[in-house]
Amino acid sequence: MNSRYFLLIAVSIFLALIMALMPLPFSFEPFRPDWVLLVLMYWSLAVPHRLNIGTAWVVGLLIDLATGSPLGINSLTYSICIFVTASNFQKIRNFSIWQQAILVGLFLILYHLMQFWLNHFLMDVYFNPQYLWPVVTGMLSWPWIFLLLRKYRRHFRIR
0 MNSRYFLLIA VSIFLALIMA LMPLPFSFEP FRPDWVLLVL MYWSLAVPHR
50 LNIGTAWVVG LLIDLATGSP LGINSLTYSI CIFVTASNFQ KIRNFSIWQQ
100 AILVGLFLIL YHLMQFWLNH FLMDVYFNPQ YLWPVVTGML SWPWIFLLLR
150 KYRRHFRIR
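Numbering that gives the first Met the number 0 numbers the first residue of the sequence shown as 0 and each following residue consecutively.
So this is what it looks like as structure tokens:
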């Protein structure tokens, strides 16, 4: 039974990886939500005993390998964001979807600022305000992701 749950969660993370790597037109690229992090945050809120910081670390390594970014940057930032959401999952669950979207936006800001900070020290990247557009699109897409994954979780009875 445990491998079934793991497989169903892994399928949703794999689909998020595909959406994160799927090419978009150049003008839409700065607005791409962080699909993988949003899906990881949902599963850490819904079933925190199934998805943990180690899972976020491995998925972050996969993103690093797939995108060619310095190894470990996404792993570290995903792990920190998932740690914060998993350690506060009981409080966050009690909020409405729109309040959760605001909190998710704060977590996405944390993620992007940590990523910028690490990239600044490793590759001498400078801050651009357009770097935070995925925070806005991630906040706006959170209710839809939440409702879609909740329906998925209830349909397949993932506990």
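Cβ atoms here follow ideal geometry from the backbone N, Cα and C, with glycine treated the same way. As the structure is a prediction and not an experimental result, all values here were calculated from the model.
Practice problem: Could you say which of L60, W143, T136 and N1 lies nearest to R49 if we only look at CA atoms? | Solution: On the sequence shown, residue 49 is found 50 positions in, with the first residue counted as 1. It is N1.
Quiz item: Which stretch, first to last residue, makes up the alpha helix (DSSP H) that contains D63?
Solution: Here the question's residue 63 lines up with position 64 in the sequence shown. Segment I52 to T66, the alpha helix (DSSP H) holding D63.
Exercise. Rounded to whole angstroms, what's the CA-CA distance from N87 to L39? Just pull it up for me.
Key: Here the question's residue 87 lines up with position 88 in the sequence shown. Here the question's residue 39 lines up with position 40 in the sequence shown. Answer to the nearest angstrom: the Cα atoms are 14 Å apart.
Quiz item: How far does the alpha helix (DSSP H) with S95 in it reach, from first residue to last?
Solution: As a working note, residue 95 is residue 96 in the sequence shown. Run containing S95: none; DSSP gives neither H nor E here.
Quiz prompt | Given F106 as reference, the closest of V124, P128 and I79 once Cα atoms are compared | solution = As a working note, residue 106 is residue 107 in the sequence shown. Looking from the CA of F106, the closest CA among V124, P128 and I79 belongs to I79.
Quiz item: Could you give the distance in angstroms between the alpha-carbon of F5 and the alpha-carbon of D33?
Solution: In the sequence shown, the residue the question calls residue 5 occupies position 6. In the sequence shown, the residue the question calls residue 33 occupies position 34. Going by the C-alpha atoms only, they are around 22 Å apart.
Quiz item: Looking only at its own chain, which residues have a Cβ that is under 6 Å from the Cβ of A85, when we skip the five neighbours before and after it?
Solution: Residue mapping note: residue 85 aligns to position 86 of the sequence shown, counting from 1. Cβ contact annotation for A85 (same chain, cutoff 6 Å, sequence separation greater than five): S43 and P47, in chain order.
Practice problem: Go ahead and label P133 buried or exposed: buried means 16 or more other beta carbons lie within 10 angstroms of its beta carbon, across all protein chains shown. | Solution: For the purposes of this step, residue 133 is taken as the residue at position 134 of the sequence shown. Under a 10 Å Cβ-count criterion, P133 is classified as buried, with 16 or more other Cβ atoms of the shown protein chains found around its own Cβ.
Self-check item: Between the CA atoms of G71 and W116 - distance to the nearest angstrom
Solution: In the sequence shown, the residue the question calls residue 116 occupies position 117. In the sequence shown, the residue the question calls residue 71 occupies position 72. In this model, W116 and G71 are separated by some 13 Å (Cα to Cα).
Quiz item: Cα-Cα, which of A45, Y41, G67 and L36 is closest to W56?
Solution: Your numbering for residue 56 matches position 57 in the sequence shown. Closest by alpha carbon: L36.
Self-check item: Segment contact, 8 Å Cβ cut-off, at least three pairs: the region 92–108 with the region 54–68
Solution: As far as the Cβ criterion goes, the region 92–108 does not touch the region 54–68, which means the pair count is below three.
Exercise. Please say whether F155 and L7 have beta carbons closer to each other than 8 Å?
Key: Against the sequence shown, residue 7 aligns to sequence position 8. Against the sequence shown, residue 155 aligns to sequence position 156. Taking 8 Å as the cut-off, the Cβ atoms of L7 and F155 count as close.
Quiz item: Nearest to L75 by CA position, among K90, A100, Y41 and M113, is which residue?
Solution: Taking the first residue of the sequence shown as position 1, residue 75 is located at position 76. Among K90, A100, Y41 and M113, the Cα nearest to that of L75 is on M113.
Practice problem: To the nearest angstrom, report how far apart G59 and G53 are at their CA atoms. | Solution: Mapped onto the sequence shown, residue 59 falls at position 60. Mapped onto the sequence shown, residue 53 falls at position 54. Here the alpha carbons of G53 and G59 stand approximately 10 Å from one another.
Quiz item: Less than 8 Å separating the beta-carbons of Q89 and W141?
Solution: For this step, residue 89 is matched to residue 90 along the sequence shown. For this step, residue 141 is matched to residue 142 along the sequence shown. No. Outside cutoff.
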